Amino acid sequence: MSDTADRSDHGRVPSGPASGPVVFDIDVPQYRVDTEPDHRAVGRVVDAELRKLFLGRTVVVRGIGAQHHPGRTVDDLIEIVCRLGTDRYDPDRAGDRYDNLQNKRIDLFAFRRRATPRMRLFEAMSWGFYHSSIAVHGVPVRLDLLLIYDAAQLREVVHQYEGRDDRKRDGYVFRDPDRKPEALLGIAKLSR
1 MSDTADRSDH GRVPSGPASG PVVFDIDVPQ YRVDTEPDHR AVGRVVDAEL
51 RKLFLGRTVV VRGIGAQHHP GRTVDDLIEI VCRLGTDRYD PDRAGDRYDN
101 LQNKRIDLFA FRRRATPRMR LFEAMSWGFY HSSIAVHGVP VRLDLLLIYD
151 AAQLREVVHQ YEGRDDRKRD GYVFRDPDRK PEALLGIAKL SR
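Using full-length UniProt numbering, the letters of the sequence shown correspond one by one to residues 1 to 192.
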């Protein structure tokens, strides 16, 4: 992909719009979902790599499992996300959890974090995609990609799921829907 950086740019802080997102691999062969992974150990590896690139930035991180995109490879998804700024490439495809009681528009679900030396993120993502997916779909999801967005270019959507009393803060919309790719700072490919 000519419009993306490779791991050789590892030392720079991604700026987003001008250069496109930095695309990089995180080597986590121990991250498997055929049995429950060691979420904490895998989280330490992934978080350390994210800190190297995004330290000091406030980011919104979305996880994607390729199994939710039949007929598409991980590299196909990277190309789509670089072009569109999101993995929502099919307007007819109903996403999981996009319905909410207030009928609010939500562009994506993700985790917001400030990338600090003590940031802990991927442990929660790994645990959630393992356990919640089993509860909802009967099978766990292995995350293959992390989409890292500039938090300043997204707006949090407080919403409520049907059948729940709590308000959720995991929904986001793009502040400028016509410039979604510019909100994307990086894409981490979680290698097997």
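No residue lacks a Cβ here, since even glycine has one placed at the ideal position from N, Cα and C.
No experiment lies behind these values; they were computed from the predicted model shown.
Within the stretch 40 to 98, complete beta strand (DSSP E) segments of at least 3 residues are found at 58 to 64, given in chain order. Fewer than three beta-carbon pairs drawn from the stretch 65 to 72 and the stretch 171 to 182 are found closer than 8 Å, and the two stretches are therefore not classed as touching.
Taking K189 as the centre and dropping the five residues before and after it, the same chain places the C-beta of V23, F24, D25, I26, V74, I78, D144 and L145 closer than 8 Å to its C-beta, in chain order. Out of Y89, W127 and D90, the CA that lies nearest to the CA of V139 is found in W127. When the five nearest sequence neighbours on each side are left out, the beta carbons in the same chain lying within less than 8 Å of the beta carbon of R40 are those of E123, in order along the chain.
Judged by DSSP secondary structure, A188 falls outside any alpha helix (DSSP H) and instead within the beta strand (DSSP E) spanning L184 to S191.
Here Y130 carries a helix assignment [DSSP, helix/strand/coil].
In the DSSP assignment, R113 falls within the beta strand (DSSP E) that extends over F111 to R114. P177 is not a Cβ neighbour of G85, given a cutoff of 7 Å.
DSSP assignment within the stretch 148 to 183 yields the following whole beta strand (DSSP E) runs of 3 residues or more, N-terminal first: 154 to 159 and 168 to 174. Close CB contacts of D47 within its chain, under the 7 Å cut and outside five residues either way in sequence, are with M119, R120, L121 and F122 (chain order).
P29 is classed as exposed because its beta carbon has fewer than 16 other beta carbons within 10 Å across all chains shown. Under the three-pair Cβ rule at 8 Å, the stretch 150 to 161 counts as touching the stretch 48 to 59. Cβ contact annotation for K104 (same chain, cutoff 6 Å, sequence separation greater than five): V157 and H159, in chain order.
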